[in-house]
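J.: Let me give you the structure first, and then I'll get to my questions.
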Amino acid sequence: MTVSRRLRRQSARTTSGAALALAAASTAPAISMFIVILVALVSYAGAAGPLLLQEARTGTVRAAIDDVAPAERDLTASTRGIATPGPASGSAESVPSGAASAPPEAAFDLPSELAPVWGAPLEQLAQTRAALPEDLRGVLDPPRLVVALDNIAAVPPAGAARPANRVMLTFDPDSPRRTRFVEGVAPDTTAPSITPDETASGVVDAFSIGLSRVAAADLAWPVGESRTMGYPRGIAFKVTLSGIFEAADPDDREWDHVPTGLNPDVVYDGSGSATYYATAYASPGRLSDALVVPDSAASVAWLPLAVDREQGATAASVAAQLRGFASTQVPFAVVVERQQPTGLAFRSSSANAIDAGIGRADAMTAVVSLVAVGPVAVAIVALALTGRMLSTRRVGSVRLARARGGSMPRLAVLLAIEGLILGGIGATIGCLAAAVAPGWGGAASVVIPLLVALTPAVVVPVLTVHAAAQTARSDLGVPATADARRRLVAEASVLVGAAVVVWLVATRATSDGVDPVLTMLPLALAAAGCVFALRLVPLVLSVIERGAPSRSGLVGLLGPARARRDPAVRAAPVLAVVVGIAIALFAVAFSETVRTGIHTSAQAQVGADVRLTAPYLPQDQLERLAGLDGVEATAPVYFDQRVDGEVGGQRVPLVVYVMDVEQLAAVQAGLPTAIALPATLRDRAGDAVPVVASRALASRIGSSTLEIDGTVVDVVSEAPTVSPFGGAESWVLVDRANAERLVRDRFAPSVVLVDVATSASAEEIAEAARAVAGPEASTTTPTDVRDRLRDDPALIAVETGLVASVIAVALLLGFAVGMTLVLGAAARGRMLALLGALGYPRRRELPLVAWEVGPALLLALPVGVGVGLVMPYLVLPSLDLSRFIGAAEQPAVHIGGWLSPVVIGAFLIVAVVAVALATAAASRVSAATTLRSIDEEGSP
């Protein structure tokens with residue numbers, strides 16, 4: 018035989034084998050359709066999941082960045098001196114190879130009349146941005162730049178009484194876009210240039226300026242009035258208010274970079290006298306005229322961070338690149354005389370915010386992955402159950418092929434191809450549907466579809482070949498010795514594996530991301546529970562059977578006998594019950610733990626019913642706050658100062674908060690999160706100053722001693738790291754009576770904790786408090802904090818995933834029960850046909866059908882409850898839930914109280930309904946139909 022003939026014959030055999038597999042796949046359309054549909058549904062969920070998680074991750078990171086004020090979020094830098102005016106060169110000499118370069122006036126929409134002045138400095142910044150790594154550059158908008166002269170008192174004409182002030186004369190090329198003049202006119206851009214000779218001759222009629230409506234009112238500066246601003250070296254400018262403006266968009270985040278641009282700051286001295294700090298805008302086209310005072314100016318540049326372009330997939334890279342860029346000094350041309358140019362060092366708080374968002378997203382992914390494993394496992398077992406249905410249709414054909422000398426390996430390959438065709442069709446449909454909506458999530462979207470697509474290819478040949486090789490009946494509940502041995506080994510492996518997983522989880526530290534061992538814990542516990550439930554079924558049935566003779570009725574005799582037959586097929590519904598109840602109880606425990614943690618954290622962060630923050634609260638305002646109707650008590654933070662402590666010879670930065678501990682105790686009376694305030698806090702007798710320390714600081718102190726400016730500090734109590742007094746993590750609270758021993762004795766309250774009477778509304782008191790403290794004041798209530806934490810995209814994604822998992826398992830339970838009863842159709846048909854011939858009423862067949870799955874599911878119910886009650890105590894301490902609740906410490910585990918029995922009852926109802934529907938459908942199959950199918954398929 019020639020080589021070519023051999024190749025043709027081999028090709029024909031291969032083609033014939035594939036055609037046979039394809040033909041076989043179409044011979045049982047109902048079962049094949051079941052497999053395709055189940056694979057498609059699971060594939061769709063598996064393919065869509067990674068993208069949904071990625072979107073939730075992106076939303077979480079964006080929310081974390083968005084919580085940061087724009088001035089701290091954007092990359093911001095400043096340097097002394099005036100940015101060197103000039104037009105853009107348009108050259109790309111300083112742009113690295115491959116980096117983009119564009120005229121800054123185009124990127125920044127710089128007006129043509131400003132390009133000759135601001136083009137050069139903005140071009141330098143544009144080149145700096147172009148040289149950044151791609152991920153970081155992609156989330157940064159074109160650069161911004163302002164030049165601001167130092168805060169100088171604007172002295173009114175002689176004899177005019179005006180409030181004390183400090184005015185920052187500012188040149189901003191973006192100010193014409195952001196302002197709308199409502200009185201007077203915009204600053205003049207055509208005034209003659211200022212020369213050094215003019216500055217030496219006295220007061221120079223220098224600039225016309227614009228002020229916001231609020232600033233003009235606070236400074237009592239009418240349009241047309243001129244004031245004098247004296248700078249070092251005897252230079253004095255006469256500035257004239259030409260117009261008053263309002264913000265074109267008050268929500269434009271660019272205003273945050275010039276905080277006094279719209280609303281002046283008010284600073285009070287120890288006597289309560291106010292000084293207003295305001296920003297006055299000169300024409301940006303006259304930047305060159307400010308060169309006469311180069312040492313009294315600063316150039317401030319920033320690269321706005323576009324939150325809506327941040328992606329979860331590149332967030333870690335962006336954070337790393339932000340830190341790398343912050344560690345470099347960027348050259349920047351400025352005009353300065355008596356100081357050395359330092360360049361620009363850009364800083365941003367976004368890196369820390371991104372890290373926090375990534376941490377919450379990692380915790381989200383860990384929880385979702387953990388609860389997704391159970392439903393996927395149940396889906397695979399249910400798919401294997403469906404594959405067994407198909408294998409029963411192939412047993413007769415395989416036995417015939419073997420009897421005629423067919424090769425068993427080749428038959429197994431043909432069966433595997435048949436299963437692969439069905440699984441491949443279902444996986445393709447699921448993946449295509451996921452690609453349409455919600456979209457494709459990359460390589461991760463292929464994992465679950467590939468797994469479920471291969472399941473029929475493995476299950477169908479293995480079960481078919483095994484069944485074809487059997488000569489004894491396997492449905493009598495008495496397995497062969499070899500099968501019993503294999504089952505015992507498999508069950509022992511499951512129990513040992515579960516014990517190892519539990520031990521590893523119990524002995525490991527908290528996980529920040531997806532922990533494979535922790536992810537396998539729910540499945541390991543559920544598998545062990547399934548083993549126990551299936552082993553308990555024969556024991557319970559034996560007890561029932563022994564008592565059956567004492568009872569009348571055929572059901573009591575045949576029911577237990579039917580229930581013990583072919584226990585392997587009940588693994589899927591039993592696993593579905595155990596996993597479903599366990600995940601439902603875990604979902605309740607997770608939600609209750611996080612809810613309680615958020616409630617506690619919100620109360621601890623606010624520290625009272627209302628927390629009021631303002632730039633300064635003089636004594637009269639404090640008294641008015643305390644006298645508001647519905648206010649029980651108030652506790653001001655009289656002073657806070659950042660100091661350097663010393664612990665074991667090492668410098669420890671911290672913040673000292675000064676309060677009256679009696680007032681604080683009155684405000685926090687009855688609160689579960691009240692800070693422990695020992696009476697010794699007011700003790701002045703000892704050398705050491707008694708304080709309350711944050712847990713973060715206390716853990717750093719340990720057994721050492723803390724000193725502040727040489728004074729020994731005695732930590733008499735500890736409090737949560739996150740406090741209502743301020744944002745510091747390392748802090749101490751000292752009573753006002755001991756304050757002068759640690760900080761300057763100064764009265765400058767800016768935070769007040771307010772206790773609201775039970776008959777009053779916290780929201781109404783908060784509104785009244787803001788009215789007392791002025792427009793710059795803000796209030797926070799525990800409800801505000803709770804709402805913000807509950808709106809976290811990561812937490813919403815976790816809760817959605819928990820609900821989706823419970824629903825998926827409930828649906829799979831119904832599917833598994835139905836498939837279990839269908840698999841028993843042949844044996845049940847023989848029994849019902851015989852009973853019918855003996856005159857047994859068909860209407861009484863339903864209880865006999867229910868016996869096939871009822872006992873196993875009823876025994877699985879308490880096992881699932883046990884697994885569900887154990888899981889929270891093993892899993893939740895291993896997850897970093899502090900990221901969800903906005904606290905530094907892990908929350909205590911809460912099972913859920915009355916909600917757990919409700920969930921158990923709801924799942925029991927679902928199981929009962931599933932069994933009832935499947936039983937009713939199975940019992941409606943006529944005896945003739947069943948016997949005909951037995952004749953067609955053969956009996957196992």
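Residue numbering for the sequence shown follows my numbering, beginning at 18 and increasing consecutively.
Glycine included, every Cβ here is placed at the ideal spot set by N, Cα and C.
Only a predicted model underlies this, so the values are computations on that prediction, with no experimental measurement involved.
1) Specify, as a first and last residue, the run of the beta strand (DSSP E) that Asp-282 falls within.
2) Within 10 angstroms of the Cβ of Thr-277, are there 16 or more other Cβ atoms? Answer buried if so, exposed if not.
3) Expressed to the nearest angstrom, what Euclidean distance is found between the alpha-carbon atoms of Ala-509 and Arg-502?
4) Does DSSP put Asp-372 in a helix, in a strand, or in coil?
5) In the DSSP output, what is Gln-658 paired with across the bridge?
6) Using DSSP bridges, identify the partner residues of Ile-725.
7) If you draw a straight line from the C-alpha of Gly-903 to the C-alpha of Arg-377, how long is it?
8) Quick one: grab the DSSP three-state call for Asn-755.
9) What does a CB cutoff of less than 7 Å around Ser-108 pick up in its chain, not counting 5 residues either side in sequence?
10) Quick check on the DSSP output: what are the complete alpha helix (DSSP H) runs of length 4 or more inside the region 268-354, in order along the chain?
11) Taking a contact to mean a Cβ-Cβ separation below 8 Å, would you say Arg-161 touches Ala-265 in this structure?
12) Thinking just about the alpha-carbon of each residue, which of Val-884, Val-882, Pro-908, Ser-49 is nearest to the one in Leu-400?
13) Along the chain, where does the alpha helix (DSSP H) that runs through Thr-77 open and close?
14) Could you spell out the range, first to last residue, of the alpha helix (DSSP H) harbouring Val-605?
15) Only counting the same chain, and skipping five residues up and downstream in sequence, which positions put a Cβ closer than 7 Å to that of Arg-668?
16) How would you label His-483, buried or exposed, when you count the other beta carbons within 10 angstroms and need 16 or more for buried?
17) State the CB to CB distance for the pair Gly-597 and Leu-875, rounded to an integer number of angstroms; the pair is presumed to be in contact (CB under 8 Å).
18) Tell me whether the region 600-609 and the region 810-819 touch, counting them as touching only if at least three CB pairs, one residue from each stretch, are closer than 8 Å.
19) Per DSSP, what kind of secondary structure is Trp-868 in: helix, strand or coil?
20) May I ask you to report which of helix, strand or coil DSSP gives Tyr-248?
21) Starting from Ser-711, follow the beta strand (DSSP E) in both directions and report where the run begins and ends.
22) Just checking my contact of Ser-386 with Ala-64 at CB under 8 Å: how many whole Å lie between their CB atoms?
23) How long is the line joining the alpha carbons of Ile-99 and Ser-711, rounded to whole angstroms?
24) Could you have a look at Trp-748 and say whether DSSP puts it in helix, strand or coil?
25) What residue range does the beta strand (DSSP E) around Thr-196 cover?
26) Starting from the Cα of Phe-188, find the closest Cα among Glu-151, Asp-84, Ala-315, Ser-290 and give me that residue.
27) For Glu-327, count the other beta carbons within 10 Å of its own beta carbon; 16 or more makes it buried, fewer makes it exposed. Which is it?
28) Using the C-alpha atoms, what's the distance from Gly-835 back to Val-930?
29) In whole angstroms, what separates the C-alpha of Val-220 from that of Lys-255?
30) Exposed or buried, Ser-238, counting other C-beta atoms within 10 Å across all chains shown (16 or more means buried)?
31) Going along the chain, which residues of its own chain have a beta-carbon closer than 8 Å to the beta-carbon of Asp-372, five neighbours each way excluded?
32) Just to confirm the assignment: which complete beta strand (DSSP E) runs, minimum length 3, are found wholly within the region 755-812?
33) Using a Cβ distance threshold of 8 Å, determine whether the region 722-736 contacts the region 696-708, with at least three qualifying pairs required.
34) Looking at the structure shown, is Arg-701 part of a helix, part of a strand, or coil, going by DSSP?
35) I believe Leu-629 touches Val-739 by the beta-carbon criterion, under 8 Å. Please report the beta-carbon distance rounded to the nearest angstrom.
36) By how many angstroms is the C-alpha of Gly-413 removed from the C-alpha of Asp-952?
T.: Let me lay it out:
1) On the sequence shown, residue 282 is found 265 positions in, with the first residue counted as 1. Where Asp-282 is concerned, the enclosing beta strand (DSSP E) stretches over 282-285.
2) Taking the first residue of the sequence shown as position 1, residue 277 is located at position 260. Result: buried.
3) As a first step, residue 509 is located in the sequence shown; it is residue number 492 there, counting from the start. As a first step, residue 502 is located in the sequence shown; it is residue number 485 there, counting from the start. Cα-Cα distance, rounded: 11 Å.
4) Taking the sequence shown and counting its residues from 1, one reaches residue 372 at position 355. Note: Asp-372 maps to helix in three-state DSSP.
5) Counting from one through the sequence shown, the residue named residue 658 turns up at place 641. Paired residue(s): Val-673.
6) Translated into positions along the sequence shown, residue 725 becomes position 708. Ile-725 pairs with Gly-662, Thr-728.
7) Along the sequence shown, read from residue 1 onward, the residue named residue 903 stands at position 886. Along the sequence shown, read from residue 1 onward, the residue named residue 377 stands at position 360. If you take the alpha carbons of Gly-903 and Arg-377, they lie about 10 Å apart.
8) Position 738 of the sequence shown holds residue 755. Note: Asn-755 maps to helix in three-state DSSP.
9) The count along the sequence shown starts at 1 and reaches residue 108 at position 91. Unreliable positioning characterises Ser-108 in this predicted model, as indicated by a pLDDT of 41, which lies under 50. The coordinate reading is nonetheless provided below. Counting only Cβ-Cβ distances below 7 Å, and skipping sequence neighbours, we find nothing.
10) Qualifying alpha helix (DSSP H) stretches, in chain order: 332-343.
11) Within the sequence shown, the letter at position 144 stands for residue 161. Within the sequence shown, the letter at position 248 stands for residue 265. It is not a contact, given that the beta carbons lie outside the stated cut-off.
12) Residue numbering aside, residue 400 sits at position 383 when the sequence shown is read from its first letter. Selected option, being the one with the closest Cα: Ser-49.
13) Taking the sequence shown and counting its residues from 1, one reaches residue 77 at position 60. Here the alpha helix (DSSP H) through Thr-77 covers 46-83.
14) Within the sequence shown, residue 605 is the residue found at index 588, counting from 1. 588-623 is the span of the alpha helix (DSSP H), which, as asked, contains Val-605.
15) Counted from its first residue, the sequence shown places residue 668 at position 651. Within the same chain, Arg-668 has close Cβ partners Asp-661.
16) By 1-based counting over the sequence shown, the position of residue 483 is 466. Answer is exposed; the Cβ neighbour count stays below 16.
17) As a position in the sequence shown, residue 597 is number 580, starting the count at 1. As a position in the sequence shown, residue 875 is number 858, starting the count at 1. About 14 Å; that fails the 8 Å criterion.
18) Cβ pair count under 8 Å is three or more, so yes.
19) Against the sequence shown, residue 868 aligns to sequence position 851. Note: Trp-868 maps to coil in three-state DSSP.
20) Position 231 of the sequence shown, counted from the first residue, corresponds to residue 248. Three-state DSSP puts Tyr-248 in a strand.
21) Taking the first residue of the sequence shown as 1, we reach residue 711 at position 694. Looking at the DSSP string, the run of the beta strand (DSSP E) that includes Ser-711 is 706-711.
22) Walking along the sequence shown from the start, residue 386 turns up at place 369. Walking along the sequence shown from the start, residue 64 turns up at place 47. At roughly 16 Å, the Cβ-Cβ gap does not stay under 8 Å, so Ser-386 and Ala-64 are not in contact.
23) Position 82 of the sequence shown holds residue 99. Position 694 of the sequence shown holds residue 711. If you take the alpha carbons of Ile-99 and Ser-711, they lie about 43 Å apart.
24) For the purposes of this step, residue 748 is taken as residue 731 along the sequence shown, with counting starting at 1. Strand, per DSSP.
25) Residue 196 sits at position 179 when you count from the first residue of the sequence shown. Note, Thr-196: beta strand (DSSP E), 196-201.
26) Taking the first residue of the sequence shown as 1, we reach residue 188 at position 171. Among Glu-151, Asp-84, Ala-315, Ser-290, the Cα nearest to that of Phe-188 is on Ala-315.
27) What you label residue 327 is simply residue 310 of the sequence shown in a count that begins at 1. Buried, since its Cβ has 16 or more Cβ neighbours within 10 Å.
28) Here residue 930 is taken as the residue at index 913 of the sequence shown, counted from 1. Here residue 835 is taken as the residue at index 818 of the sequence shown, counted from 1. For Val-930 and Gly-835, the gap between their C-alpha atoms comes out near 11 Å.
29) Taking the sequence shown and counting its residues from 1, the one referred to as residue 220 is at position 203. Taking the sequence shown and counting its residues from 1, the one referred to as residue 255 is at position 238. Spanning the two alpha carbons is a distance of roughly 6 Å.
30) The count along the sequence shown starts at 1 and reaches residue 238 at position 221. One point to set straight first is that residue 238 is Trp, not Ser, in the sequence displayed. Label assigned to Trp-238: buried.
31) Residue numbering aside, residue 372 sits at position 355 when the sequence shown is read from its first letter. Excluding sequence neighbours, Asp-372 sits near Ala-336.
32) 768-773, 795-797
33) yes
34) Here residue 701 refers to the residue found at position 684 of the sequence shown. DSSP places Arg-701 in the coil class of the three-state scheme, outside both helix and strand.
35) On the sequence shown, position 612 is the one that residue 629 refers to. On the sequence shown, position 722 is the one that residue 739 refers to. That pair is no contact at about 18 Å.
36) Here residue 952 refers to the residue found at position 935 of the sequence shown. Here residue 413 refers to the residue found at position 396 of the sequence shown. With a pLDDT of 44 at Asp-952, under the threshold of 50, the modelled position of this residue cannot be trusted, and the question is left open.
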